[in-house]
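Peer 1: Got a structure for you, questions after.
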Amino acid sequence: MLNELWAKLSASERFVAYGAVAVVVGWIAGLILGNSQVCVNYGAGQVCAGSVNYFTYSNAGLFAMLALVLGIVTAVVLYLKVAPNMNITWPMPVAQILLGAAVATLVCAALMVLIQVTGPSGAPVLMYIADVLMVGGGALMGWGAYQAFLAAKVV
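Residue numbers (our numbering): 32 to 186.
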């Protein structure tokens with residue numbers, strides 16, 4: 032069934048789907064790779080108080096969650112567009128919905144990275160792999176949605 036749905040998507044909509052998957056994978060990778068232990072030199076030894084996730088530091092976590100939700104929304108819109116027995120009256124062309132959600136995902140991911148870069152030092156370097164996945168996924172979604180928008184010739 033998945034192959035049938037995939038065949039109904041245009042090439043640009045497939046890029047949107049790839050980008051949505053990259054955003055979800057980037058968010059999961061950020062939760063895994065963004066952890067770091069907080070240790071303090073105390074007397075003769077070192078005491079570790081626990082772990083901190085720099086990926087979700089400050090408002091970066093909020094923007095990461097928004098990017099994740101928008102990426103999932105985009106994937107759901109694509110699914111509803113091509114799902115069998117679905118007759119949805121869209122309030123506007125689907126290409127515009129995809130473009131808006133994709134651009135919002137990219138903006139949220141870029142703001143997340145900006146907050147993380149200007150945040151506290153000591154963040155794990157591997158965390159930036161997740162940032163690249165999320166921003167790259169948002170950019171891929173935006174590019175694919177823009178191509179679909181141009182193909183639809185919506186004015």
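Glycine included, each C-beta is placed from N, C-alpha and C at the ideal position. Bear in mind the structure is a predicted one, so any value in this text is a computation, not a measurement.
In whole angstroms, give me the CA-to-CA distance for Ile146 and Ala161.
Peer 2: Each residue's Cα considered, the two are about 14 angstroms apart.
Peer 1: Span of the alpha helix (DSSP H) holding Val47?
Peer 2: That run of the alpha helix (DSSP H) goes Ala42 to Leu64.
Peer 1: Could you spell out where the beta strand (DSSP E) holding Asn84 opens and where it closes?
Peer 2: Counting along the chain, the beta strand (DSSP E) containing Asn84 begins and ends at Gly76 to Asn84.
Peer 1: Are Ala53 and Gly150 closer than 8 angstroms when you measure CB to CB?
Peer 2: No.
Peer 1: Can you list, in chain order, the residues of its chain whose CB lies under 7 angstroms from that of Ala48, leaving out five sequence neighbours each side?
Peer 2: Correct list, in chain order: Leu40, Ala106 and Leu109.
Peer 1: Give the straight-line distance between the Cα atoms of Ile59 and Leu171, rounded to the nearest whole angstrom.
Peer 2: Taking the straight line from one Cα to the other gives about 18 angstroms.
Peer 1: Give the DSSP-derived three-state secondary structure of Val156 in the structure shown.
Peer 2: Note: Val156 maps to coil in three-state DSSP.
Peer 1: Which residues in the same chain as Leu129 place their Cβ atom closer than 7 angstroms to its Cβ, once the five residues preceding and following it in sequence are excluded?
Peer 2: If we look at Leu129 and ignore the five residues flanking it on each side, its Cβ neighbours are Val47, Thr105, Val108, Ala176 and Ala179.
Peer 1: Counting only the same chain and skipping the five closest in sequence on each side, list residues whose C-beta sits under 6 angstroms from that of Gly65.
Peer 2: Contacts found: Asn84, Tyr85, Phe86 and Met158.
Peer 1: Cα-Cα, which of Val144, Ala135 and Asn34 is closest to Gly173?
Peer 2: Residue Ala135 is the option with its Cα nearest to Gly173.
Peer 1: Using 10 angstroms around the beta-carbon of Glu44, count the other beta-carbons present and answer buried if the total reaches 16, otherwise exposed.
Peer 2: Counting Cβ neighbours within 10 Å, Glu44 comes out buried, since at least 16 surround it.
Peer 1: For Gln68, write down the residues that DSSP places opposite it in a beta bridge.
Peer 2: BP columns for Gln68 point to Ser82.
Peer 1: Compare the C-alpha of Cys139 against each of Leu101, Asn118, Asn72 and Ser89 and name the closest.
Peer 2: The shortest C-alpha separation from Cys139 is found at Leu101.
Peer 1: Under 7 angstroms from any heavy atom of the ligand ATP, does the C-beta of Met117 make it?
Peer 2: Ligands in the displayed structure: none, and consequently the ligand ATP is not present.
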